[in-house]
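Each residue of the sequence shown is one higher than the last, beginning at 66 in our numbering.
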Amino acid sequence: MLEEYVQRINAIDGMHLYQETRRWAYTFDYSKDPKIALGQIRIAQKELRLMNKQIGAAMRQIREAYRDAIASASYTPGIGGALLGSKYRSSMRSAGAAQKRTLRARRDDALAPYQETKALITEIIDRLSILKDQIAIQSS
């Protein structure tokens, strides 16, 4: 998942993303002409924002799938619960709660790589904004 987006980020003109020990670093090669450089940064940010939207959509799909599963995991008392007593209802509620916890943990595990990738892309967008501001100040 992350590797796919790293390849897509590296495919952006001028962008070079690489891993240093435990964290990601990037370089952005831009033109010496400030006007062209600002255009290159805007295009890179536009492509990165599009990737962020795609990741957000994938995360929404995962959440929706687990939302349905979590909602169906809860215990709803029926005629059997009324006939079998409070201990049965209590055990069914606790089993439903345990199942919900398990499903939430699976959902969080499924979302983790997406969140990591989205955080990386957001950090790059923010750094490019700072670079864009620096170039704009230097050129004026």
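For each residue, glycine too, the CB sits at the ideal point set by N, CA and C.
In the DSSP output, which residue or residues are listed as bridge partners for R88? E85
Which one or two residues does DSSP pair with M80 in a beta bridge? F93
Using 10 angstroms around the beta-carbon of L67, count the other beta-carbons present and answer buried if the total reaches 16, otherwise exposed. exposed
First through last residue of the alpha helix (DSSP H) which encompasses M124: 99-137
Under the three-state reduction of DSSP, which class applies to S159: helix, strand or coil? helix
How many whole angstroms separate the CB atoms of L103 and I200, which I take to be in contact at a CB cut-off of 8 Å? 6 Å
What residues in its chain sit with their C-beta under 8 Å from that of Q203, if we drop five residues either side in the sequence? P99
Where does S194 fall in DSSP's three states? helix
If you reduce the DSSP assignment to three classes, tell me which class S204 lands in. helix
A163, buried or exposed, once every other Cβ within 10 Å from all chains shown has been counted against 16: exposed
For R128, which option in Y70, L185, I108, Q180 has the closest C-alpha, if you only look at C-alpha atoms? Q180
Look at I195 and M116 and say whether their C-beta atoms are less than 7 Å apart. no
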